[in-house]
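Heads up: the structure comes next, in structure tokens.
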Amino acid sequence: MPDINKKLRNAIDIPYGSGSIQLDLSRFQENFDIFYPPHLEEKPLAEKDIERFLEKQVVNFKADATISIAINDNTRPARNDLLLKTLLYYLESKNIQRDRIVIWIAMGTHTPLDPARYKDIIPSEIVESYRIYAHNCDLQNNLLYLGETSHGTPVYINKMFFESDIKITIGTIEPHHFMGFSGGAKTAGIGLAGRETIEKNHTLLLQPHTETAEYSRNPMRMDLEEIGDMLKIDTCFNAIMDHHKNVIRLFWGKPRDVMVAGIEWSKKLCQISVPDLYDVVIASAGGFPKDINFYQAQKAITNACMICKKGGSIILLAECREGPGNQRFYEFMQGKRDFSEVIEKFRDIPFAIGPHKAYLLARQGLQYDLFLKSSMDDNMVRTMLMTPLPSLQEMVGNETMPNKKIALLPYAALTVPNLL
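Our numbering puts the first residue of the sequence shown at 265, with every later residue one more than the last.
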């Protein structure tokens, strides 16, 4: 199936939050292209398929083993209704009692999820039957020091998770705008790490090859793989999902093995060919939860930049129901005159999670005009040095727009363009 959809309908619904924004395309014929993630003729996996997959795995878990399972937080499109649920049924079939199992929500540096919100990401019957904790990267007493990686990253990891007899992570393998790909060791190696570990690892983003869909040459990702080795994860249970959140492929094994096998499938579902650069790129993060806040939605800008002419315009559609998403990021942006000052001030401070996203945004903002259609207050958007957009239709309906080459990425965070 071709990467580009040239047959324009009169209108298109673009993902936004839990709904969509409709865009009238009747004025556009030749200069408006829509790029979706590649479509594969693959049947989505159902619960029975996942059960059969798990039954084929060679697993030697003793009935009295303590098991910790790390899952993604509420900013990731996890399918815990399928993956976690089926895995727990499978463990029960191996005579492992529920009181031997702990589920860890891998928060990274995100604010720990309140227990009242566990049911937002985990089926209620699981919440009511298992011990579940949200990791806090700043609780030093809950962390265990494992040593340093070859990059000098001090590895502090959730103590209770590490000391379990069996350590399992559940995640998805998909493009990540500076880690290369999510998945594998990342769920625990970053999600259950201490702040010092995460910040040191993230300092590597200033090095070459820290970019979307780059794995083996990516210093951040390779540092993470070392963290995974030290963490001694027994099994990664990872999925490849399409942009409709259907599970397409499953992987089970050691972190590095899962990544090598899964990346090839991830690329099939995200990489597209684009013939030329565009004056304007409209990018949706892909709806909730990828646009839960700006901190997460910014990933869509990274992919949009790949096909936008320097000096062109990028319009991000992201509801951002939880606002900027990171207080340190937003506080760092406050009072800055322009993106040049953001970069200048970032270089004057010790590396910190939060401001690092301001630095990435500033690098983009120096090259492109950035517009944001969101639910945030206009002044908040301006504080982040972007132009708030009340109406996408009004901007696209501007009389100069039909003369510009426009591209639309309805699922930009999952669409990695390659110029022909």
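Positions of the beta carbon are idealized from the N, C-alpha and C atoms, including for glycine.
Alpha-carbon to alpha-carbon, residue j and residue i
{"i": "isoleucine 285", "j": "alanine 582", "result": "10 angstroms"}
{"i": "glycine 575", "j": "leucine 630", "result": "9 angstroms"}
{"i": "tyrosine 353", "j": "glutamate 389", "result": "12 angstroms"}
{"i": "isoleucine 546", "j": "aspartate 612", "result": "33 angstroms"}
{"i": "arginine 364", "j": "isoleucine 331", "result": "6 angstroms"}
{"i": "proline 553", "j": "methionine 523", "result": "23 angstroms"}
{"i": "glutamate 305", "j": "glutamate 294", "result": "29 angstroms"}
{"i": "isoleucine 512", "j": "lysine 609", "result": "44 angstroms"}
{"i": "asparagine 682", "j": "lysine 509", "result": "23 angstroms"}
{"i": "histidine 399", "j": "methionine 424", "result": "10 angstroms"}
{"i": "isoleucine 314", "j": "proline 308", "result": "11 angstroms"}
{"i": "cysteine 572", "j": "lysine 621", "result": "20 angstroms"}
{"i": "alanine 457", "j": "glycine 492", "result": "11 angstroms"}
Reduced DSSP secondary structure (H/G/I, E/B, other) of residue i
{"i": "isoleucine 268", "result": "At isoleucine 268 the pLDDT is 48, less than 50, meaning the model places this residue with poor confidence and gives no usable figure here."}
{"i": "threonine 436", "result": "strand"}
{"i": "aspartate 391", "result": "Note on residue identity: the sequence assigns valine, not aspartate, to residue 391. Looking at valine 391 - three-state DSSP - the assignment turns out to be helix."}
{"i": "glycine 517", "result": "strand"}
{"i": "tyrosine 675", "result": "coil"}
{"i": "glutamate 475", "result": "coil"}
{"i": "lysine 561", "result": "For the sequence presented, residue 561 should be read as alanine rather than lysine. Alanine 561: helix per DSSP, three-state reduction."}
Cβ-heavy atom distance, residue i to the ligand COA, below 7 angstroms
{"i": "leucine 673", "result": "The model depicted lacks the ligand COA and carries no ligand whatsoever."}
Residue environment, residue i, which counts as buried when at least 16 other CB atoms sit within 10 Å
{"i": "glutamine 562", "result": "buried"}
{"i": "asparagine 482", "result": "buried"}
{"i": "proline 301", "result": "buried"}
{"i": "asparagine 502", "result": "buried"}
{"i": "glycine 453", "result": "buried"}
{"i": "proline 686", "result": "Because the chain here runs from 265 to 684, residue 686 falls outside it and cannot be looked at."}
{"i": "lysine 271", "result": "Residue placement at lysine 271 is flagged as unreliable, the pLDDT there being 48, under the threshold of 50; the coordinate-derived value follows with that caveat. That one is exposed."}
{"i": "arginine 395", "result": "exposed"}
{"i": "lysine 383", "result": "exposed"}
{"i": "glutamine 560", "result": "buried"}
{"i": "histidine 440", "result": "buried"}
{"i": "lysine 450", "result": "buried"}
{"i": "valine 680", "result": "buried"}
{"i": "lysine 464", "result": "buried"}
Residue(s) in a DSSP beta bridge with residue i
{"i": "methionine 505", "result": "Val511"}
{"i": "phenylalanine 445", "result": "Pro439"}
{"i": "lysine 637", "result": "Leu581"}
{"i": "glycine 283", "result": "Tyr280"}
{"i": "glutamine 535", "result": "Val680"}
* Asked: Counting Cβ pairs, one atom from each stretch, are 3 or more of them under 8 angstroms apart for the stretch 367-379 and the stretch 404-415?
  -> With the cut-off at 8 angstroms, the stretch 367-379 and the stretch 404-415 do not touch.
* Asked: Hey, is the stretch 336-348 in contact with the stretch 516-523, meaning 3+ C-beta pairs nearer than 8 angstroms?
  -> No, the stretch 336-348 is not in contact with the stretch 516-523.
* the stretch 489-499 in contact with the stretch 424-439 per 3-pair CB rule at 8 angstroms -> A contact exists between the stretch 489-499 and the stretch 424-439.
* Contact between the stretch 579-595 and the stretch 634-648: three or more CB pairs below 8 angstroms? -> Contact holds: three or more Cβ-Cβ distances are below 8 angstroms.
* Would you check if the stretch 591-603 and the stretch 458-473 touch, i.e. whether three or more CB-CB distances between them fall below 8 angstroms? => Contact between the stretch 458-473 and the stretch 591-603 is absent: fewer than three C-beta pairs spanning the two stretches fall below 8 angstroms.
* To do: Determine, using beta-carbon pairs with one atom in the stretch 535-545 and one in the stretch 668-679, whether at least three such pairs fall under 8 angstroms.
  => When Cβ pairs closer than 8 angstroms are counted between the two stretches, the stretch 535-545 is seen to touch the stretch 668-679, the count reaching three or more.
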